[in-house]
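Peer 1: Structure in structure tokens, see below.
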Amino acid sequence: MSQNTLTRRDFVAAGAACAAIAGGAGALSLGSWSPAFGEDDAPANAVQKITLCDGCGNKCAFTAYTVNEKFWRAIGCVGYPTSHGFLCGRGQGYAFLYANENRVKTPLKKNGSGDFEEISWDQACQEIGQRLTAADPGKIALYQSRGNSTFYPKRLMAALGSANCYSDAAIRDAGITATIEGISGAYPAPDVANAKYMVMLDKSTYDGMRPAEMAEFAKMVENGGHVVLVDSRETSFGRICDEWIGVKPGTELAFLLGVAGELVRTGHYNKDFVAANANGFDQFAAAMKGYTLDWAAETTGAETTQISQVAANLWANAPAAFVDMPWAGTLGSGFANSADTVRMIYLINAMLGCFNQKGGWLFPDAPFVSDEMLAEKGIPQLTTDAPIITYADAPLVWGDSIIAAFEQMQAGNLTQMIVVEGNPVLDVSNGNGVKEALGKLDLLVVLDSFMTETALLADYVLPLSTFLERTDTIVTASGANAVAGLRTPVLTNTEVDGKSIPDAICALAAGAGLEAAFPFTLDDYNRANAELMGISYEGLLREGISAIPGSDAQLGTMPHLRTASGKIDFASPTFEAAGLSAVPTWTSPAVEAVNGSLRLMVGQEVVFQDTFCDASPYLMTLAEKYQLQQAWVNSDTAAALGIADGDTVEVSSPQGSLTVPAKVTELIAPNVVWMPAHFGSIYGQAEGTPLFGAAPKPLIAWQLEPGTGAGMMNETAVTLKKVGA
Ligand code: SF4
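All the letters of the sequence shown, read from the start, carry residue numbers -27 to -1, 1 to 698 under mature numbering (1 follows the signal peptide of the UniProt record, and there is no 0).
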């Protein structure tokens, strides 16, 4: 029985209003846009300013309205590629972060009893600086998630003589970076509004789209475009697609191999495009021919006709057709075959010849600002020749695997760590392993706005200003063109002695006697970048966003490819050098649900990401009201285990266990437990408050996908039982 509550027709009706407005957006100034969305009822003393959201990596630009130093309303910017006049629900709720008073208000130092004591910034930075400079530089590590002002922490690391810088790529998008850098060097942006046929993967773990894409999606649907979801779980997004093809978890690669095999066998690929732009296509095509429809159907659980139909429809609608590649969820880190899943997405789209075609993949010409170029603008280069100790585990992403780093930490090869805006105890796999590794450190410093499970383990906690109160480094966002954005403060908070990331890092550098590493201000750095992008820095400060001249995607042209061959590497020397197959090849998921075990899959609810969104009281109210913390279990699987909808169940793995209410549904594959990975955190919660929900990522085993060091976040077997049964 269908549990759909929102039909495609409902969505088109709702989306049409958005699309009508978005369609006219090009002719609307910010001034004429805002009244349509509520400026009319703004108090007379409301102040408006454009800044950037921090609810996820999209960093959408929005107009922040404040009244008497309180946040009043957020409206997405029309001219920014990720927002296009909208903010998603998460962005709207996260903007009210200011209402949370449970901030880290001053630097904290742990005393001999394990309690935190308040100290000054000067004292904290001097003590930390002395301990960092006394350490072996090769054993100092940095972990930074959320991607804000990353230039500064990395530069401090270079000044210290360490290259051990890790992001959250291993739990998110390592496979996407590996693919693009390994086989083409060109970064696409989907032209959703004009697409006639779109295949989406990974909605299991990422239940949403960028706000701009959502508006474009409404337009596409209105125009009769067709959207297919290939996934093991039908999310709320899936319910507004035309078709859901349920596949076994971790077999999306087999589905794509089957599609590519069919395109090769039928000759349905753009031969002119391939002849002009492909390297190693014959080797690729020979390999694809072996992936028959019968094999793909057997492997995925889909029908042969579903696979052949997707191949036929992609070709029939090319070049206004593509397989989507979202930078979200766990598309690039979920399974043992994630990198090749992403590689197949890229190569199928290349076979369709949809590059820089209306309704296909667009490649805006975003300016590349190099260290050498910045040096000419007064930002001297600072690099280190030191090796990153995890390179061998993740050569395709230059060693950027935080999971490999924690393994090295457990082995004693990393002994100091700085964490900037991250909560790896709950947001990376194997929480107890992370705690144990952090416990072995000689020094742990955490920079954050709120107390977290990771900060509790730190020797020092340094308070950061929230995104509404600070300036960060300049960013760019890409759609049909590239646009620069700058986050600047919209609120001040005199009760918190917090700093922006650049200011906090400069203070740490000064404490370490390394102030010479930063002989420029943040203003200098942002100005240099703006000038190299060809935009006015004064204009950017005033307007918050600025379109980059000459960056529009040029329809009908090839993007600049940065491979040694100068072409798209269908057979990749880079992958081969990393010990992988030159062409994509089938790798089975690492976990098989046998002997009563189930596969644990983790993901996100539309209005949350990681645990940091828990600091928004508004989002937590939504989570509690709509009971967003549930473990999805297939109806047949639940029946076999004697579990009914709403029962409290225990989920256990060798790494730990948790209890959570069960959601029994037909909208997920059998033998899987899916959970959102946001809850059960103290992040921003008042001390002593009972926690809402439980965090599933600590149950995941540490595993490294070959080549990328990605965490294989959906490859852990768990057991499930009803509590009290
Ligand atoms: S997608 Fe949503 S949460 Fe992410 S930056 Fe945009 S508005 Fe914020």
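The beta carbon of each residue, even a glycine, is placed where N, CA and C say it ideally should be.
Considering only heavy atoms of the ligand SF4, does any lie closer than 6 angstroms to the CB of Lys32?
Peer 2: What you label residue 32 is simply residue 59 of the sequence shown in a count that begins at 1. Yes, the Cβ of Lys32 comes within 6 angstroms of a heavy atom of the ligand SF4.
Peer 1: Taking DSSP as the reference, what is the three-state secondary structure of Gly697?
Peer 2: If you number the sequence shown from 1, residue 697 lands on position 724. If DSSP states are grouped into helix, strand and coil, Gly697 belongs with coil.
Peer 1: For Leu528, does the count of other Cβ atoms within 10 angstroms reach 16, so buried, or fall short, so exposed?
Peer 2: Your numbering for residue 528 matches position 555 in the sequence shown. Classification for Leu528: exposed.
Peer 1: Between the Cα of Leu70 and those of Cys586, Trp675, Gly619, spot the shortest distance and give me the residue it belongs to.
Peer 2: The residue given as residue 70 occupies position 97 in the sequence shown. Of Cys586, Trp675, Gly619, the residue nearest in Cα terms is Cys586.
Peer 1: Starting from Thr610, trace the alpha helix (DSSP H) both ways and give me its first and last residue.
Peer 2: Taking the sequence shown and counting its residues from 1, one reaches residue 610 at position 637. Thr610 -> alpha helix (DSSP H) spans 608 to 614.
Peer 1: Measuring CA to CA, which of Ala259, Gly49, Tyr160, Ala293 is closest to Asn167?
Peer 2: In the sequence shown, counting from the first residue as 1, residue 167 sits at position 194. Checking every option, the nearest Cα to that of Asn167 belongs to Ala293.
Peer 1: Pick out the complete alpha helix (DSSP H) segments inside the region 480 to 517, 4 residues or longer, and give them in chain order.
Peer 2: Segments of the alpha helix (DSSP H) lying fully in the region 480 to 517: 495 to 506, 510 to 516.
Peer 1: Closest to Thr692 by C-alpha separation, out of Gly539, Ile673, Glu42, Glu91, would be which residue?
Peer 2: Position 719 of the sequence shown, counted from the first residue, corresponds to residue 692. Of the listed residues, the one whose Cα sits closest to Thr692 is Ile673.
Peer 1: If you draw a straight line from the alpha carbon of Leu287 to that of Leu325, how long is it in whole angstroms?
Peer 2: The residue you call residue 287 lines up with position 314 of the sequence shown. The residue you call residue 325 lines up with position 352 of the sequence shown. Cα to Cα, Leu287 sits roughly 8 angstroms from Leu325.
Peer 1: Checking 7 angstroms against the spacing of the C-beta atoms, do Ala650 and Pro669 come in under that value?
Peer 2: Here the question's residue 650 lines up with position 677 in the sequence shown. Here the question's residue 669 lines up with position 696 in the sequence shown. Yes. Within cutoff.
Peer 1: Figure out for me which residue from Tyr242, Ala259, Ala227, Ile280 has the closest Cα to the Cα of Glu216.
Peer 2: Here residue 216 is taken as the residue at index 243 of the sequence shown, counted from 1. For the residues Tyr242, Ala259, Ala227, Ile280, the minimum Cα distance to Glu216 belongs to Ile280.
Peer 1: Hey, out of Ala248, Arg128, Gln103, whose CA is closest to Asp542's CA?
Peer 2: By one-based count along the sequence shown, residue 542 stands at place 569. Checked all of Ala248, Arg128, Gln103; the closest Cα to Asp542 is Ala248.
Peer 1: Helix, strand or coil: how does DSSP classify Gly52 here?
Peer 2: Here residue 52 is taken as the residue at index 79 of the sequence shown, counted from 1. Coil.
Peer 1: For Leu347, report the span of its alpha helix (DSSP H) as first-last.
Peer 2: Residue numbering aside, residue 347 sits at position 374 when the sequence shown is read from its first letter. Leu347 -> alpha helix (DSSP H) spans 344 to 349.
Peer 1: Can you tell me which of Ala291, Ala285, Ala312, Ala289 puts its alpha carbon nearest to the alpha carbon of Met298?
Peer 2: Along the sequence shown, read from residue 1 onward, the residue named residue 298 stands at position 325. Ranking the options by Cα distance to Met298, first place goes to Ala312.
Peer 1: Under the criterion of a Cβ to heavy atom distance below 6 angstroms, does Leu60 qualify as lining the ligand SF4?
Peer 2: Taking the first residue of the sequence shown as 1, we reach residue 60 at position 87. Correct: Leu60 has its Cβ closer than 6 angstroms to the ligand SF4.
Peer 1: For the beta strand (DSSP E) containing Arg572, list its first residue and its last residue.
Peer 2: Stepping through the sequence shown from its first residue, residue 572 is reached at position 599. Its beta strand (DSSP E) spans residues 571 to 576.
Peer 1: Any idea if Tyr599 is buried or exposed, counting beta-carbon neighbours within 10 angstroms, 16 or more meaning buried?
Peer 2: By one-based count along the sequence shown, residue 599 stands at place 626. Exposed, because fewer than 16 other Cβ atoms sit within 10 Å of the Cβ of Tyr599.
Peer 1: Return yes when the Cβ of Ala147 is within less than 7 angstroms of the Cβ of Thr536, no when it is not.
Peer 2: Numbered from its first residue, the sequence shown carries residue 536 at position 563. Numbered from its first residue, the sequence shown carries residue 147 at position 174. No, these two residues do not count as a Cβ contact at 7 angstroms.
Peer 1: Rounded to the nearest angstrom, what separates Leu416 and Lys83 at their Cα positions?
Peer 2: Translated into positions along the sequence shown, residue 416 becomes position 443. Translated into positions along the sequence shown, residue 83 becomes position 110. Roughly 11 angstroms between the two C-alpha positions.
Peer 1: Check whether the region 652 to 659 touches the region 396 to 405, counting contact only when three or more Cβ pairs, one atom from each stretch, lie closer than 8 angstroms.
Peer 2: Yes, the region 652 to 659 touches the region 396 to 405.
Peer 1: I'd like the list of long-range same chain contacts for Asp618, defined as Cβ closer than 6 angstroms, with 5 residues on each side in sequence excluded.
Peer 2: Along the sequence shown, one-based indexing puts residue 618 at 645. If we look at Asp618 and ignore the five residues flanking it on each side, its Cβ neighbours are Val637.
Peer 1: Given 6 angstroms as the limit, tell me if Cys50 has its C-beta closer than that to any heavy atom belonging to the ligand SF4.
Peer 2: Here residue 50 refers to the residue found at position 77 when the sequence shown is read from its first residue. Not under cutoff, so the answer is no.
Peer 1: With distance defined between alpha-carbon atoms, name the residue in Cys33, Lys43, Phe35 nearest to Ala19.
Peer 2: In the sequence shown, residue 19 corresponds to position 46, counting from 1. Ranking Cys33, Lys43, Phe35 by Cα distance to Ala19 puts Lys43 first.
Peer 1: Mapping DSSP to helix, strand and coil, what is Thr689?
Peer 2: What you label residue 689 is simply residue 716 of the sequence shown in a count that begins at 1. Strand, per DSSP.
Peer 1: Does the contact criterion of 3 or more C-beta pairs under 8 angstroms hold for the region 116 to 135 versus the region 386 to 395?
Peer 2: Touching, yes.
Peer 1: Taking C-alpha atoms, which residue in Phe336, Ala457, Met685 lies nearest to Lys32?
Peer 2: Numbered from 1 along the sequence shown, position 59 holds the residue referred to as residue 32. The option with the nearest alpha carbon to Lys32 is Ala457.
Peer 1: Does Glu442 come out as helix, strand or coil in the three-state DSSP assignment?
Peer 2: Along the sequence shown, read from residue 1 onward, the residue named residue 442 stands at position 469. Residue state, collapsed to three classes: helix.
Peer 1: At the level of alpha carbons, what is the spacing between Asn(-24) and Glu394?
Peer 2: As a first step, residue -24 is located in the sequence shown; it is residue number 4 there, counting from the start. As a first step, residue 394 is located in the sequence shown; it is residue number 421 there, counting from the start. With a pLDDT of only 31 at Asn(-24), under the threshold of 50, the placement of this residue in the model should not be trusted; the figure read from the coordinates follows. Distance between the alpha carbons of Asn(-24) and Glu394: 37 angstroms.
Peer 1: If you draw a straight line from the C-alpha of Ile48 to the C-alpha of Gly58, how long is it?
Peer 2: As a first step, residue 48 must be located in the sequence shown, where it is residue number 75. As a first step, residue 58 must be located in the sequence shown, where it is residue number 85. Using only the alpha carbons, I get a separation of about 7 angstroms.
Peer 1: Nearest-angstrom Cα distance between Tyr67 and Thr265?
Peer 2: Within the sequence shown, numbered from 1, the residue matching residue 67 stands at position 94. Within the sequence shown, numbered from 1, the residue matching residue 265 stands at position 292. Cα to Cα, the separation comes out at about 47 angstroms.
Peer 1: Can you give me the start and stop residues for the alpha helix (DSSP H) that Tyr656 sits inside?
Peer 2: For the purposes of this step, residue 656 is identified with residue 683 of the sequence shown, where counting begins at 1. That residue, Tyr656, is in no alpha helix (DSSP H); it is neither H nor E in DSSP.
Peer 1: Please state whether the Cβ-Cβ distance between Ile616 and Ala635 is less than 7 angstroms.
Peer 2: Residue numbering aside, residue 616 sits at position 643 when the sequence shown is read from its first letter. Residue numbering aside, residue 635 sits at position 662 when the sequence shown is read from its first letter. Contact flag set, yes.
Peer 1: Assign Glu225 to one of three DSSP states: helix, strand, or coil.
Peer 2: To locate residue 225, count along the sequence shown from 1; it is residue 252. Looking at Glu225 - three-state DSSP - the assignment turns out to be helix.
Peer 1: Give the single residue among Cys29, Thr36, Arg46 whose Cα lies nearest to the Cα of residue 705.
Peer 2: One cannot answer for residue 705 here, as it falls past the ends of the chain, which runs -27 to 698.
Peer 1: When the Cα of Asp204 is compared with those of Val567, Leu229, Asp344, which residue comes out closest?
Peer 2: Locating residue 204 in the sequence shown gives position 231, counting from the first residue. The shortest Cα separation from Asp204 among Val567, Leu229, Asp344 belongs to Leu229.
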